[in-house]
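K.L.:
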Amino acid sequence: MKFEINTKLLQKGLSVVSHATAGITTTPILENILIKVNYKHIVLTANNLEMAIEYMLDDVKVLSEWAFSIPSKLFGSYIGLLQDDTVSIELKGGDALEIKTESGNTKIKGIPAEDFPVIPGVKEELSLSLKWEVVRRSIEKTLFSSAEGNIRPTLAGLFVNITGSEATFASTDSFRLSEYKTILDTPNEVGFSQIIPSKTCFEIKSIISDDDNVKIISGENQIAFFFGNVKMYSRLLNGKFPDYTNFFPSWYATKWVINRADLMGALKKINLISRENNYSIKMSFSSENGILLETSQTQIGEGEIGLVWSVEWEDAIIGINSTYFLEALGAIETTHISLQFESPLAPILLLPVPDEWAKKALPGQFRHIIMPLKI
């Protein structure tokens, strides 16, 4: 009941599946990784009951078939410290794994495979494939706006809608809203509209490689993602995502255009003070003087920073969460951005301003709104 494997391959597989192991829990088996050894390959599995990940290892020398579960953190940490090129792993006495290398050996106790939770099958109702660039970029552009916690469960995920050749990702926590649209190279014959948990999307973004296309299979309350050596399973969020399209303002009374890097630099400076005031800042727009960022006085101080850029139409003063603003700017890659709003209490629309580089490198359309603060 033994196999031998390249140490780096095992380290990579363990690092992937560890994303789905539970933390400290009253159910210890959820903190484990299942190792299933077949003659052709080995499958590493983690399952926290909300999300499960399988990782297949092909380049192995198997001497006998078996299955066993072992604590993820301990096993992964030990394997991660190995410097040997190969490692031999053997099931000893049915209750422990013996890990052997040229430099030494260690035994780690575990739990029988029979106690490991079975991954529920996904009853396929639709299937589609997406390029890895589309998946990763769409998640990066929207994930930061999703809600945390269980107050409004449907907001704790990304709304993904695919119709024909257009893919739309959207998220909101009710204080801000992000949308990213992109055109697919190959239209999908079957429409797709689901809310995928934020945690699942975060792990996909973290794991996916630059050459992995993603196959998606969806069924009732379940979804699966297949890419590279990975199979990821997740529950879907039940409920209806808000009909958000009318939230985006159609006209504005004040608009300004500014260099994104300059604005981010100013916000990072003022954030050092505004964190004592829940990152609340005041922004003044003047056609004569440009833009002024201010914080009210806190226990650690106060500050203001001026930026000279173009302001169109009416002068105005708004309140805004500077951290939310910075996160939105981080999702934009153009040199300049525009910010526009109808009134100081109306939603603030943030858009990238296309430049020559963006026209060549950014195939999608991003837009974002932030709700203002009362000042």
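So the sequence shown is numbered by the numbering used here: it starts at 82 and just counts up by one. The beta carbon of each residue, even a glycine, is placed where N, CA and C say it ideally should be.
Which term fits N402, buried or exposed, when burial requires 16 or more other beta carbons within 10 angstroms of its beta carbon?
P.N.:
As a first step, residue 402 must be located in the sequence shown, where it is residue number 321. By the neighbour-count rule (16 or more Cβ atoms within 10 Å), N402 is buried.
K.L.:
For T394, count neighbouring Cβ atoms within 10 angstroms of its own Cβ and tell me buried if that reaches 16, exposed if not.
P.N.:
Residue mapping note: residue 394 aligns to position 313 of the sequence shown, counting from 1. Checking the displayed sequence, the identity of residue 394 turns out to be Trp instead of Thr. Classification for W394: exposed.
K.L.:
Our contact map puts I170 next to K83 with C-beta atoms below 8 Å; I'd like the distance itself, whole angstroms only.
P.N.:
Reading the sequence shown from its first residue, position 89 is the one you call residue 170. Reading the sequence shown from its first residue, position 2 is the one you call residue 83. Confirmed, about 7 Å.
K.L.:
Comparing alpha-carbon positions, which option in N310, G202 and Y325 lies nearest V295?
P.N.:
On the sequence shown, position 214 is the one that residue 295 refers to. Of N310, G202 and Y325, the smallest CA-CA separation from V295 is found for N310.
K.L.:
Can you check whether the CB of F328 is closer than 7 Å to the CB of L430?
P.N.:
Along the sequence shown, read from residue 1 onward, the residue named residue 430 stands at position 349. Along the sequence shown, read from residue 1 onward, the residue named residue 328 stands at position 247. It is not a contact, given that the beta carbons lie outside the stated cut-off.
K.L.:
On the three-state DSSP scale, how would you describe R448?
P.N.:
As a first step, residue 448 must be located in the sequence shown, where it is residue number 367. It is a strand residue.
K.L.:
What is the DSSP secondary structure of G346, reduced to helix, strand or coil?
P.N.:
Here residue 346 is taken as the residue at index 265 of the sequence shown, counted from 1. It is helical.
K.L.:
Any idea what DSSP makes of Q92, helix, strand or coil?
P.N.:
For the purposes of this step, residue 92 is identified with residue 11 of the sequence shown, where counting begins at 1. Of the three classes helix, strand and coil, the one that applies to Q92 here is helix, per DSSP.
K.L.:
Can you give me the start and stop residues for the alpha helix (DSSP H) that S145 sits inside?
P.N.:
Counting from 1 along the sequence shown, the entry for residue 145 is found at position 64. Looking at the DSSP string, S145 is not in any alpha helix (DSSP H), and its letter there is neither H nor E.
K.L.:
Tell me which same chain residues have a C-beta within less than 8 Å of the C-beta of S291, skipping the five on either side of it?
P.N.:
Position 210 of the sequence shown, counting from 1, holds the residue named residue 291. Checking the displayed sequence, the identity of residue 291 turns out to be Asp instead of Ser. Same-chain partners within the cutoff: W213.
K.L.:
Nearest to I339 by CA position, among C282, R217, L410 and D176, is which residue?
P.N.:
As a position in the sequence shown, residue 339 is number 258, starting the count at 1. The option with the nearest alpha carbon to I339 is L410.
K.L.:
Looking at T102 and A133, is the spacing between their C-beta atoms short of 7 Å?
P.N.:
Within the sequence shown, numbered from 1, the residue matching residue 133 stands at position 52. Within the sequence shown, numbered from 1, the residue matching residue 102 stands at position 21. Result no, Cβ atoms of A133 and T102 do not sit closer than 7 Å.
K.L.:
Pull up the distance between the alpha-carbon of S361 and that of T376, whole angstroms please.
P.N.:
Counted from its first residue, the sequence shown places residue 361 at position 280. Counted from its first residue, the sequence shown places residue 376 at position 295. Using only the alpha carbons, I get a separation of about 7 Å.
K.L.:
For Y261 versus K222, is the C-beta spacing smaller than 7 Å?
P.N.:
One-based indexing of the sequence shown puts residue 261 at position 180. One-based indexing of the sequence shown puts residue 222 at position 141. Against a cut-off of 7 Å, the Cβ pair of K222 and Y261 comes out as a contact.
K.L.:
When you compare the CB positions of G202 and T244, do they come within less than 7 Å of one another, or not?
P.N.:
Taking the sequence shown and counting its residues from 1, the one referred to as residue 202 is at position 121. Taking the sequence shown and counting its residues from 1, the one referred to as residue 244 is at position 163. No, the Cβ-Cβ distance between G202 and T244 is not below 7 Å.
K.L.:
Between the beta-carbon of S227 and the beta-carbon of S252, is there less than 7 Å?
P.N.:
The count along the sequence shown starts at 1 and reaches residue 227 at position 146. The count along the sequence shown starts at 1 and reaches residue 252 at position 171. Contact flag set, yes.
K.L.:
Excluding five sequence neighbours on each side, which residues of the same chain lie with their C-beta closer than 8 Å to the C-beta of V321?
P.N.:
Residue 321 sits at position 240 when you count from the first residue of the sequence shown. Reading off the sequence shown, one finds Lys at residue 321, where the question assumed Val. Excluding positions up to five away in sequence, the list reads T235.
K.L.:
Give the secondary structure of P193 by DSSP, where H, G and I count as helix, E and B as strand, and everything else as coil.
P.N.:
What you label residue 193 is simply residue 112 of the sequence shown in a count that begins at 1. P193: strand per DSSP, three-state reduction.
K.L.:
Classify G157: buried if its beta carbon has 16 or more other beta carbons within 10 angstroms, exposed otherwise.
P.N.:
Within the sequence shown, residue 157 is the residue found at index 76, counting from 1. Under this definition G157 is a buried residue.
K.L.:
Roughly how many angstroms separate the alpha carbons of A86 and G445, rounded to a whole number?
P.N.:
Within the sequence shown, residue 86 is the residue found at index 5, counting from 1. Within the sequence shown, residue 445 is the residue found at index 364, counting from 1. Sequence inspection shows Ile at residue 86; the Ala mentioned does not correspond to that position. Cα-Cα distance, rounded: 42 Å.
K.L.:
Where does S290 sit, in a helix, a strand or coil, going by DSSP?
P.N.:
Numbered from its first residue, the sequence shown carries residue 290 at position 209. Coil.
K.L.:
Could you tell me which residues DSSP pairs with F422 in its beta bridges?
P.N.:
The residue given as residue 422 occupies position 341 in the sequence shown. DSSP output for F422 lists T335 as bridge partner(s).
K.L.:
Return the bridge partner residues of A251 from the DSSP annotation.
P.N.:
To locate residue 251, count along the sequence shown from 1; it is residue 170. The partner list for A251 (beta bridge, DSSP) reads F240 and E260.
K.L.:
Determine the direct distance from the alpha carbon of E183 to that of K93, and round the result to whole angstroms.
P.N.:
Here residue 93 is taken as the residue at index 12 of the sequence shown, counted from 1. Here residue 183 is taken as the residue at index 102 of the sequence shown, counted from 1. The C-alpha of E183 is placed about 20 Å away from the C-alpha of K93.
K.L.:
State the DSSP-derived secondary structure class of A409, mapped to helix, strand or coil.
P.N.:
On the sequence shown, residue 409 is found 328 positions in, with the first residue counted as 1. A409: helix per DSSP, three-state reduction.
K.L.:
In or out: F197 buried (at least 16 other Cβ within 10 Å) or exposed?
P.N.:
The sequence position of residue 197 within the sequence shown is 116, counting from 1. With 16 or more other Cβ atoms within 10 Å, it is buried.
K.L.:
Which one of Q421, L317, Y405 and L172 has the shortest CA to CA distance from S391?
P.N.:
The residue labelled residue 391 in the question sits at position 310 within the sequence shown. Comparing Cα positions, the closest option is Q421.
K.L.:
So is D140 buried or exposed if we call it buried at 16+ other beta carbons inside 10 Å?
P.N.:
In the sequence shown, the residue the question calls residue 140 occupies position 59. Counting Cβ neighbours within 10 Å, D140 comes out exposed, since fewer than 16 surround it.
K.L.:
Can you give me the start and stop residues for the beta strand (DSSP E) that I366 sits inside?
P.N.:
Against the sequence shown, residue 366 aligns to sequence position 285. As written in the sequence, residue 366 is Phe, which differs from the Ile given in the question. Bounds of the beta strand (DSSP E) holding F366 are S361 to S367.
K.L.:
Is C282 closer than 7 Å to L317 when the C-beta atoms are compared?
P.N.:
To locate residue 317, count along the sequence shown from 1; it is residue 236. To locate residue 282, count along the sequence shown from 1; it is residue 201. No, the Cβ-Cβ distance between L317 and C282 is not below 7 Å.
K.L.:
DSSP beta-bridge partners for N269?
P.N.:
Taking the first residue of the sequence shown as position 1, residue 269 is located at position 188. Answer is G245, bridged to N269.
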